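First up is the structure itself, then whatever we jot down about it.
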Amino acid sequence: MSAHAERATTVSIRDVELTSLWDGTLTAKLDTIRNLAPSEAQRLLDDAAASTGADPLVLPVRAFLARTAGRLALIDTGSGTTKGPTMGHLPASLAAIGVTPEAVDAVLLTHLHMDHIGGLTDASGHPVFPNAELIVHRKEAEFFLDTPMNRLDERSARHVALQRAIVGAYGTRVRRVDDGEGLPGIAARLAPGHTPGHSTWQLGPPEAGALVLGDVVHLAAIQLPLPLVPMIYDVEPEQAGRTRMQVLDEIARTGALIAGAHLPAPGLGYITRQGAGFAFRPYRKPE
Ligand SMILES: [Zn+2]
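First residue of the sequence shown: 13, per our numbering; consecutive thereafter.
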């Protein structure tokens with residue numbers, strides 16, 4: 013399979029080294045796309061399949077490792093044991109680049125969905141990264157961790173209980189941050205909509221660094237040509253569309269390297285304008 017070829021890809025920008033780490037794949041369904049005629053969605057999916065030779069509904073799941081200022085910071089953690097055997101391969105990807113879980117100094121989260129936080133704990137609920145500080149945007153923490161349980165419906169309550177157990181496993185090592193905060197050289201930028209406190213992580217300066225996007229783009233085949241199209245996973249669908257448009261516009265303008273959890277291989281690349289929308293140009297290692 014091609015999975016090994018894309019298990020880990022590293023790129024250096026200024027004094028940061030950013031590695032994309034493969035966690036697995038999840039398969040999206042056509043009916044998770046909102047506000048778009050199925051025939052139009054199918055046409056865009058067919059276009060993407062024709063140009064990439066891959067099924068655009070099979071989404072990769074990735075996390076990213078940043079080495080900067082002498083620190084190892086993991087951004088998101090994949091699904092761990094929470095989503096079945098097609099995911100949860102992050103530990104093997106880390107091992108493939110010689111990084112042990114003990115060596116990770118910090119874990120930065122883009123948001124608290126399971127395919128991003130599930131890898132924080134093992135099957136018995138213990139922290140996978142025993143020495144890591146866990147850093148999350150204050151707004152995301154407030155929405156998922158502080159809302160009283162009795163205000164949630166049964167399904168949300170089950171989900172939130174799991175999120176609280178996973179984050180709770182890190183005890184006092186959890187730090188909530190506001191925009192501009194994080195680690196030396198890595199700063200949170202609120203990019204709300206997919207979840208209310210969803211954030212991107214800026215590595216270095218906006219005009220010359222890299223931006224880790226989280227789920228600003230979830231289904232590239234649809235949401236790059238039509239950035240305003242939301243998915244059922246978006247907590248605030250309209251805001252998610254506005255945020256996507258804003259972020260894509262900025263990175264197309266600056267030419268910044270971007271890293272996206274569900275973007276096509278290798279999960280690193282650039283965004284360019286195409287028609288009324290955008291296109292992804294994958295990062296290719298220089299020969
Ligand atoms: Zn995701």
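Built from N, CA and C at the ideal position, the CB exists for glycine as well.
Just so you know, these numbers come straight off a predicted model, no measurement behind them.
Considering only C-alpha positions, which residue in the set A264, L71, A61 and G221 is nearest to T80?
-> As a working note, residue 80 is residue 68 in the sequence shown. Nearest option by C-alpha distance: G221.
Return the chain-ordered ranges of every alpha helix (DSSP H) run that is complete within the segment 31-74 and spans a minimum of 4 residues.
-> 50-64
Rounded to whole angstroms, how far is the Cβ of A181 from the Cβ of P139, which I believe are closer than 8 Å?
-> As a first step, residue 181 is located in the sequence shown; it is residue number 169 there, counting from the start. As a first step, residue 139 is located in the sequence shown; it is residue number 127 there, counting from the start. The pair is a contact, with the Cβ atoms about 5 Å apart (cut-off 8 Å).
Terminal residues of the continuous alpha helix (DSSP H) containing A107?
-> Translated into the one-based positions of the sequence shown, residue 107 becomes position 95. First-last of the alpha helix (DSSP H) with A107: L102 to A108.
Taking the beta strand (DSSP E) that I270 falls in, what are its first and last residues?
-> Residue mapping note: residue 270 aligns to position 258 of the sequence shown, counting from 1. It spans L269 to G272 - the beta strand (DSSP E) in which I270 sits, taken as one unbroken run.
Residue ranges of each beta strand (DSSP E) within the segment 167-249, 3 or longer = 186-189, 198-202, 211-215 and 222-226
Taking DSSP as the reference, what is the three-state secondary structure of P160?
-> The sequence position of residue 160 within the sequence shown is 148, counting from 1. Reduced to three states, the DSSP call for P160 is coil.
Using alpha carbons as the reference points, say which of H206, A173 and V224 lies closest to R254.
-> Counting from 1 along the sequence shown, the entry for residue 254 is found at position 242. The candidate whose alpha carbon is nearest that of R254 is H206.
Give a yes or no on contact between the segment 31-41 and the segment 60-73, applying the rule of three or more CB pairs nearer than 8 Å.
-> yes
Pick from G216, G130, L121 and A264 that is closest to I87, judged by C-alpha positions | Position 75 of the sequence shown, counted from the first residue, corresponds to residue 87. Considering only alpha carbons, the answer is L121.
Please name the residue, chosen from Q235, G65 and T21, that lies closest to I45 on a Cα-to-Cα basis.
-> By one-based count along the sequence shown, residue 45 stands at place 33. Among Q235, G65 and T21, the Cα nearest to that of I45 belongs to Q235.
Where K151 falls, given that 16 or more other Cβ within 10 Å makes a residue buried | In the sequence shown, the residue the question calls residue 151 occupies position 139. When all chains shown are included, K151 counts as buried.
For E219, count neighbouring C-beta atoms within 10 Å of its own C-beta (all shown protein chains included) and say buried if the count is 16 or more, exposed if not.
-> For this step, residue 219 is matched to residue 207 along the sequence shown. Result: exposed.
Would you mind sorting V119 into buried or exposed? The rule is 16 or more other CB atoms within 10 Å of its CB.
-> On the sequence shown, residue 119 is found 107 positions in, with the first residue counted as 1. V119 is buried by the Cβ-count criterion.
If you run the structure through DSSP and keep just helix, strand and coil, what is P113?
-> Here residue 113 corresponds to residue number 101 of the sequence shown, with the count starting at 1. Three-state result, P113: helix.
Where do the N-terminal and C-terminal ends of the beta strand (DSSP E) with R19 fall, by residue?
-> Locating residue 19 in the sequence shown gives position 7, counting from the first residue. Run containing R19: none; DSSP gives neither H nor E here.
Applying the criterion that 16 or more other CB atoms from any shown protein chain within 10 Å of the CB defines a buried residue, is L225 buried or exposed?
-> Taking the sequence shown and counting its residues from 1, the one referred to as residue 225 is at position 213. Its Cβ being crowded by 16 or more others within 10 Å, L225 is buried.
In whole angstroms, what is the alpha-carbon distance linking H16 and G131?
-> Position 4 of the sequence shown, counting from 1, holds the residue named residue 16. Position 119 of the sequence shown, counting from 1, holds the residue named residue 131. In this prediction, H16 scores a pLDDT of 45, lower than 50, which makes its location untrustworthy; the coordinate-derived value is nonetheless stated afterwards. Going by the C-alpha atoms only, they are around 19 Å apart.
Mind checking E18: buried by the 16 CB within 10 Å criterion, or exposed?
-> Along the sequence shown, one-based indexing puts residue 18 at 6. It counts as buried.
Would the beta-carbon of H274 fall within 9 Å of that of L215?
-> Against the sequence shown, residue 274 aligns to sequence position 262. Against the sequence shown, residue 215 aligns to sequence position 203. No. Outside cutoff.
Going along the chain, which residues of its own chain have a beta-carbon closer than 7 Å to the beta-carbon of P294, five neighbours each way excluded?
-> Translated into positions along the sequence shown, residue 294 becomes position 282. Taken in chain order, the residues that qualify are P276, A277, P278 and G281.
So does the segment 53-65 actually touch the segment 100-110, counting three or more Cβ pairs closer than 8 Å?
-> no
Nearest-angstrom Cα separation, counted from N162 out to A20 = The residue labelled residue 20 in the question sits at position 8 within the sequence shown. The residue labelled residue 162 in the question sits at position 150 within the sequence shown. Those two C-alpha atoms are separated by around 42 Å.
Proximity below 9 Å, CB of A264 to CB of I283 | Indexing the sequence shown from 1 puts residue 264 at position 252. Indexing the sequence shown from 1 puts residue 283 at position 271. The answer is yes: Cβ separation under 9 Å.
From A252 to F76, what distance separates their C-alpha atoms?
-> Looking up residue 252 in the sequence shown gives position 240. Looking up residue 76 in the sequence shown gives position 64. Rounded to the nearest angstrom, the two C-alpha atoms are 22 Å apart.
Starting from R150, follow the alpha helix (DSSP H) in both directions and report where the run begins and ends.
-> Counting from one through the sequence shown, the residue named residue 150 turns up at place 138. Unbroken alpha helix (DSSP H) run through R150: R150 to A153.
Under the three-state DSSP convention, the category V375 falls into = Nothing about residue 375 can be read from this structure; the chain reaches only from 13 to 299.
CA nearest to the CA of R300, picked from G197, R285 and T212 | Residue 300 cannot be examined here, being either before or after the span of the chain that is shown, 13 to 299.
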